[in-house]
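K.L.:
In the numbering used here, the protein residues as written are 167 to 276.
We put the CB at the ideal spot given by N, CA and C, even for glycine.
As the structure is a prediction and not an experimental result, all values here were calculated from the model.
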Amino acid sequence: MTSKRNLSRPSDWNRRRRAVPKRDIAVCYLCRLPGATEVDHVTAVADGGGWEYANLRSAHRACHADKTLRERASRGRRTNQSGLVSSLVVVDGQEGCVSVSTLPTSKSPY
């Protein structure tokens with residue numbers, strides 16, 4: 167079954183997904199560190215954002231997951247599908263984002 171979101175995806179989405187990290191020099195717009203490999207909607211499609219380049223930015227997987235979690239929570243959802251929370255950490259002098267599965271179950275009131 168195809169989701170409503172996927173039906174609205176432009177036919178050139180794969181080209182956009184490759185072009186945005188090049189445009190952004192693979193710098194995550196959320197934490198400002200290099201190495202971003204995903205493309206995020208600044209304003210989520212679920213919140214009325216579009217698929218135009220002006221609404222697309224490069225993001226680390228963990229930063230993207232964390233932002234998505236916050237957006238879903240603001241819409242009344244308690245968890246994201248992957249159950250990931252991201253944090254910025256420094257290991258051996260290198261900054262980066264990590265994902266940690268620490269979310270409560272969907273039955274939790276938090």
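List the endpoints of the continuous alpha helix (DSSP H) containing residue 186.
P.N.:
In the sequence shown, residue 186 corresponds to position 20, counting from 1. Residue 186 -> alpha helix (DSSP H) spans 179-189.
K.L.:
Cutting at 6 Å between CB atoms, please list the residues of its own chain near residue 223, excluding the five before and the five after it.
P.N.:
Within the sequence shown, residue 223 is the residue found at index 57, counting from 1. 195, 206, 208, listed in sequence order.
K.L.:
Thinking residue 190 and residue 202 are a contact (beta carbons under 8 Å), I'd like their distance in whole angstroms, please.
P.N.:
Walking along the sequence shown from the start, residue 190 turns up at place 24. Walking along the sequence shown from the start, residue 202 turns up at place 36. Confirmed, about 7 Å.
K.L.:
Let me check you understand the geometry: is the CB of residue 228 closer than 7 Å to at least one non-hydrogen atom of the ligand ZN?
P.N.:
The ligand content of the structure shown is nil, which means the ligand ZN is not present either.
K.L.:
Can you give me the C-alpha to C-alpha distance between residue 174 and residue 199, rounded to a whole angstrom?
P.N.:
As a working mapping, residue 174 is identified with position 8 in the sequence shown. As a working mapping, residue 199 is identified with position 33 in the sequence shown. For residue 174 and residue 199, the distance between alpha carbons rounds to 30 Å.
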